[in-house]
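Residue numbers (the working numbering): -10 to 204. C-beta: ideal position from N, C-alpha, C; glycine also. Right, one structure below, let's go through it.
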């Protein structure tokens, strides 16, 4: 199995040089090589990020790939993309990239120095581990990118951090009948059954011996 995976990886894998080369001010905001984002949602994200860049100078780009190149980590790929697209500290200063591998659902975020006062390490970690990771568990790629886009735009615009989406837990207490309720119900049923039998059996016995009246 390992040998098979290794053999086919180069054909489908993505490394830094398999991606288009972008630069600050480029009008490409979403690079979706995994076909994970719908056309409508990609347009929505493009509009959001373009408006953010025009208003603040901060630029966000999202990258979705199908498979990492053999031997690379997500951090390696994110660092490579960031350094290739923005070679100098000045070009990197206001940039943010978010990279998702749809095969493993691993994510990495890289940003420049000027955005760190808004997109703190705590928020950046939460974006990766909560905002993106939670929808990815259910293969909801559109939701993951849209939620990440909304949160990054809010934070990089200087607005309060909306935080990660709430995870709705399952209310086990309301979904399943408790053992106590089950025991109470069973006891009630047995009482009713015994009362019916206590009434019916004597009557049946009486008519068996005496016969039905009128016969």
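- prompt: Under 7 angstroms, do residue 47 and residue 135 count as touching if we go by C-beta distance?
  reply: no
task: With DSSP as the reference, please indicate the residues paired to residue 99 in a beta bridge.
output: 86
task: State yes or no: is the C-beta of residue 3 within less than 7 angstroms of the C-beta of residue 54?
output: yes
message: Quick check: residue 153 and residue 120, are their CB atoms within less than 7 angstroms of each other?
response: yes
Reference residue 12, options 81, 63, 61, closest by Cα: 81
query: What did DSSP end up calling residue 136 once you bin it into helix, strand or coil?
result: helix
message: Whether or not the region 14 to 33 and the region 50 to 70 are in contact is what I'm after, with contact meaning three or more pairs of Cβ atoms, one per stretch, closer than 8 angstroms; do they touch?
response: yes
task: Please work out which residues of its chain come closer than 6 angstroms, Cβ to Cβ, to residue 84, disregarding the five sequence neighbours upstream and downstream, and give them in chain order.
output: 48, 75, 101
query: When DSSP labels each residue in this structure, what does residue 26 get in the three-state scheme?
result: coil
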